[in-house]
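Peer 1: These protein sequences, in sequence, are chains A and B. Note that the first sequence covers residues 275 to 507 in the working numbering. Note that the second sequence covers residues 61 to 501 in the working numbering. I am attaching a structure below and will ask some questions about it afterwards.
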Amino acid sequence: MARVVKAEHLSKVYRMGQVDVEALHDVSLALEEGELIAIMGPSGSGKSTLMHLIGCLDQPTSGELIVNGEKVSQLNDRELARLRGRAIGFVFQTFNLIPRVNALTNVLMPMGFTHLLPPREREERARSLLEQVGLGSRLKHMPSELSGGERQRVAIARALANDPKLILADEPTGNLDTKSGAQIMELFDQLNERGHTIVVVTHDPNIAQHAQRIVHLLDGRVQDASEVSLGIS
Amino acid sequence: MGFRETLRLSWSNIRNHKLRNSLAVLSVTIGIAAVIAVITMTTGLQSALLNTLTRDLLHADTISVTVKGNEGAFGSAQVFSQRDVKHLETLKGVKAVDVIGRVRAASLYFEGHRLLSPVVQVTTDPKFLPLDAGRPIAGPGEIVIGAGIAQSICEQQEQAAQGAKADTAKIKESCKRATQSKLLADRILGQPLRMKYINAQKKIQQSQLQIVGLIKNAQFLPHQTAYVDPSYHSDTEELGGQAVPVYTALLVKVANISKLASVKQEIEGYFDRFSSDARKLLGTGTEINVHTLANIVDEIKKNFGQVTGFLGAIAVVALLVGMIGVMNVMLITVKERTREIGIMKATGATNGNVLQLFLTEAVLICLIGAFLGVLAGMGLSVLFIKLTMMLFSGLQSIPFVFVPIWYAIAILTGLVVGVVSGVYPAWSAARTNPIKALRYE
């Protein structure tokens, strides 16, 4: 199986005023295609930082990171944006839809950045993605007219817009009731079965149960060494 | 991101904040309207002034050809022939050629008394002379007179009325004042004058004339000149073995006022050659003056240019304020949509995409503003013209001038203002850190 993400000895240091804060310390991690893994840890453990690095929104201070075969440290802003657009789909805790355009346009937006499909075919794809997440009848609804669970499903459809290798979900059920949360996780399971590689950041053990592998973070370090070595092998 | 998608996203935001963006549009509208109004009005005023001064009063479309040292009342040396006229008529840009001649040895008498030193001339263009009162001469038996002659007639009338005890100095003073008022016209128009002159048969002849018009009392018009029908003209010169009529001056009218200089050059060229009758008669020693008002027209245009520039500068300040208004709105918009910028970046937007989006929005606001500004500016100038005409009655009407090139410039300015006011906000949006942006509340 191809390796989607390979991280070796990653560390990330933030400078807060006069002091350096080490958010990640020597983290090594590998993600195989088709995996669904969970990253767990209390707040401040560095899970968000790790996700931002894997999502190419930020660069590591040291260590090497390869995403979808590309060395992240060697990419400029433009190439990073391209990689984010084509290889990664984000799902956020707060959904982060554009509030003033409808569901369909929200899903269309990432396709506009990548130009993978000719403009005429984009709307067709956006429709079918929204149908896949069960919102075929809600295409023209504004985000404010949708429930939390529905909004998150629009967000998932948007994450799938450019058919990325990797889906990064940051507390995807954090703002949802149990039932909607379960539906979302069910959706992730389906996507995973279809071959999508998914990383879910969570502190909810019930959510983490869906994962084939759990990476525990504490104070910027990977806690369970056995899991990590298993990943790298 | 494609242009249409960018446009759609920008437009959806503009629509989303109707009041705020309408005010931003308005601020640009006011600036552009001010500029367009200033330009339309000054162009209209300039055109009105040029019309009054040059076409009616100064005859700026007319080039006068005279013999040097002989310009006074268009002089007495008669050297220009009909052949010269015919040739000038064939020059490019020439609309018509008229002549001014002098009635040979003419003297004028009012009620039996000879008037001092009037010069009696003829012209084939009766409309050439601006009149204060009455009408142009329509044929033989009629005469229009200058202010100096009118004053002499007035003095004689007063002398006759007051008899021997008249105060000559007082009469002179009151008649001089009268030439500046319309009162004189009532006394003079319709009065008979007798003209003694030498006719074509070289005989002294007398004619009864009726005064039909008073020549405008202006600095540049000779006061002691009177005009009669061309049939009284009789001066000839021997040219090519026969006697041809000759005149003191030529009046060349150009079709287009901007062609004054080139036509002037051609006329000068013609009279430099011995093929022209005037040069043949004068020989090489005497210069022929070809005079245009191109300088005055240029001067007027230059002055209006300065006024336009000055008023325009004030209008540009308004535009600058508008620009700051748009910039302010754009900065607020960028701040407000920080999170959205983060989302876009996370889903693959490059800095360029984000820049383009916000720049498009600013340009859109300014283009709408510019378009409305052009319309408002046109409306404003119509209003201003009406107001001016109302306040200062008796003004010559100020035309409303279409200045399409300026409308294009205004729209282009809108584009530039949009880019200038949008570039900083858009740039700051583009370089927003996506992680911070996603966390932004």
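Positions of the beta carbon are idealized from the N, C-alpha and C atoms, including for glycine. This one's a predicted model, so the numbers in the text were calculated from it and none came from an experiment.
Quick one: complete beta strand (DSSP E) runs, 3+ long, within the region 359-416 of chain A?
Peer 2: Within the region 359-416 of chain A, the complete beta strand (DSSP E) runs of at least 3 residues are 362-365.
Peer 1: Helix, strand or coil, according to DSSP, for B:Phe334 in the structure here?
Peer 2: In the structure shown, B:Phe334 sits in coil (DSSP, three-state: anything other than H, G, I, E or B).
Peer 1: Have a look at B:Thr296, B:Leu253, B:Cys235 and B:Ser234 and flag the residue whose alpha-carbon is nearest the alpha-carbon of B:Ile259.
Peer 2: In the sequence under discussion, the amino acid at residue 259 of chain B is Asn, which differs from the Ile named in the question. The shortest Cα separation from B:Asn259 among B:Thr296, B:Leu253, B:Cys235 and B:Ser234 belongs to B:Thr296.
Peer 1: CA-CA distance, A:Val346 and B:Ala430?
Peer 2: Taking the straight line from one Cα to the other gives about 46 Å.
Peer 1: Can you check whether the CB of B:Leu419 is closer than 8 Å to the CB of B:Val479?
Peer 2: Yes, these two residues count as a Cβ contact at 8 Å.
Peer 1: Return the CA-CA distance between B:Phe370 and B:Asn363, expressed in angstroms with no decimal places.
Peer 2: Straight-line Cα distance between these residues: approximately 11 Å.
Peer 1: Just to confirm before moving on: does the CB-CB distance between B:Gly439 and B:Ala470 stay below 8 Å?
Peer 2: Going by C-beta atoms, B:Gly439 is not nearer than 8 Å to B:Ala470.
Peer 1: Determine the burial state of B:Gln416: buried for a count of at least 16 other Cβ atoms within 10 Å of its Cβ, exposed for fewer.
Peer 2: Buried, because 16 or more other Cβ atoms sit within 10 Å of the Cβ of B:Gln416.
Peer 1: Since A:Gly315 meets chain B, which of its residues come closer than 8 Å, beta carbon to beta carbon?
Peer 2: Correct list: empty, because the minimum Cβ distance to chain B is about 18 Å.
Peer 1: At the level of alpha carbons, what is the spacing between A:Ser503 and A:Ile458?
Peer 2: Because A:Ser503 sits at a pLDDT of 40, beneath the cut-off of 50, its placement in the model cannot be relied upon, and the following sentence gives the value as read from the coordinates. Looking at the two C-alpha atoms, the distance is approximately 30 Å.
Peer 1: Which first and last residues belong to the beta strand (DSSP E) in which B:Pro485 is found?
Peer 2: Here B:Pro485 belongs to no beta strand (DSSP E); instead the alpha helix (DSSP H) covers Pro464 to Ala490.
Peer 1: Does any CB atom of chain B fall closer than 8 Å to the CB of A:Ile472?
Peer 2: Not one chain B Cβ lies under 8 Å of A:Ile472.
Peer 1: Using a Cβ cut-off of 8 Å (strictly closer), state whether B:Ile74 contacts chain A.
Peer 2: So, not an interface residue.
Peer 1: Check whether the Cβ atoms of B:Lys128 and B:Thr346 sit closer than 8 Å, and answer yes or no.
Peer 2: Yes, Cβ-Cβ distance for B:Lys128 and B:Thr346 is below 8 Å.
Peer 1: Identify every residue that forms a DSSP beta bridge with A:Met290.
Peer 2: Its beta-bridge partners are A:Val293.
Peer 1: Is the beta carbon of A:Glu424 sitting closer than 8 Å to the one on A:Gln367?
Peer 2: No, Cβ-Cβ distance for A:Glu424 and A:Gln367 is not below 8 Å.
Peer 1: On the DSSP bridge list, what partners appear for A:Ala312?
Peer 2: Partner(s): A:Val474 and A:Ile488.
Peer 1: Return the Cβ separation of B:Ser481 and B:Met383 in integer angstroms, given the expectation that the two are a contact with Cβ distance under 8 Å.
Peer 2: Yes, they are in contact, since the Cβ atoms of B:Ser481 and B:Met383 sit about 5 Å apart, within 8 Å.
Peer 1: Do you know offhand how far B:Asp158's Cα is from B:Ser141's?
Peer 2: Rounded to the nearest angstrom, the two C-alpha atoms are 11 Å apart.
Peer 1: Name the two residues that bound the continuous alpha helix (DSSP H) containing B:Glu218.
Peer 2: Here the alpha helix (DSSP H) through B:Glu218 covers Ala207 to Gln222.
Peer 1: So what does DSSP say about B:Gln302, is it helix, strand or coil?
Peer 2: The answer is strand: DSSP assigns B:Gln302 an E or B state.
Peer 1: Confirm the yes/no value for this check: CB of B:Thr410, any heavy atom of the ligand PLP, distance under 7 Å.
Peer 2: Absence of the ligand PLP from the depicted structure is noted, as is the absence of any ligand whatsoever, leaving it without description.
Peer 1: Distance, Cα to Cα, B:Thr112 vs B:Phe452?
Peer 2: Rounded to the nearest angstrom, the two C-alpha atoms are 16 Å apart.
Peer 1: B:Ile403 touches chain E at which residues, Cβ-Cβ below 7 Å?
Peer 2: Included in the structure are the protein chains A and B, with no chain E among them.
Peer 1: Residues of chain A with CB under 8 Å from B:Arg399, in chain order?
Peer 2: By Cβ distance, chain A contributes Asn370.
Peer 1: The alpha helix (DSSP H) with B:Thr502 in it runs from where to where?
Peer 2: With chain B running from 61 to 501 in the structure shown, residue 502 of chain B is simply not present.
Peer 1: Express the C-alpha separation of B:Val386 and B:Leu353 in angstroms, rounding to a whole number.
Peer 2: Near 47 Å, if we compare the C-alpha coordinates of B:Val386 and B:Leu353.
Peer 1: Going by the CB atoms, is the gap between B:Leu311 and B:Leu253 shorter than 8 Å?
Peer 2: Against a cut-off of 8 Å, the Cβ pair of B:Leu311 and B:Leu253 comes out as no contact.
Peer 1: Quick check on B:Asn349: does DSSP put it in helix, strand or coil?
Peer 2: Note: B:Asn349 maps to strand in three-state DSSP.
Peer 1: A:Thr452: buried (16+ other C-beta within 10 angstroms of its C-beta) or exposed?
Peer 2: A:Thr452 comes out exposed.
Peer 1: In angstroms, rounded to a whole number, what distance separates the CA positions of A:Ile506 and A:Ser302?
Peer 2: For A:Ile506, the predicted structure reports a pLDDT of 39, less than 50, and the residue's modelled location is therefore unreliable. The matter cannot be settled from this model.
Peer 1: With distance defined between alpha-carbon atoms, name the residue in A:Ser319, A:Leu354, A:Leu440 and A:Gln292 nearest to A:Leu331.
Peer 2: Comparing Cα positions, the closest option is A:Leu354.
Peer 1: May I ask which residues mark the beginning and end of the beta strand (DSSP E) holding A:Gly337?
Peer 2: Here the beta strand (DSSP E) through A:Gly337 covers Ser336 to Val341.
Peer 1: Nearest CA to the CA of A:Ser285: which residue from A:Lys321, A:Leu409 and A:Leu404?
Peer 2: Comparing Cα-Cα distances from A:Ser285 to each of A:Lys321, A:Leu409 and A:Leu404, the minimum goes to A:Lys321.
Peer 1: Which chain A residues sit within Cβ distance under 7 Å of B:Glu65?
Peer 2: The contacting residues are Gly386.
Peer 1: Roughly how many whole angstroms lie between the Cα atoms of B:Phe170 and B:Ile213?
Peer 2: Near 7 Å, if we compare the C-alpha coordinates of B:Ile213 and B:Phe170.
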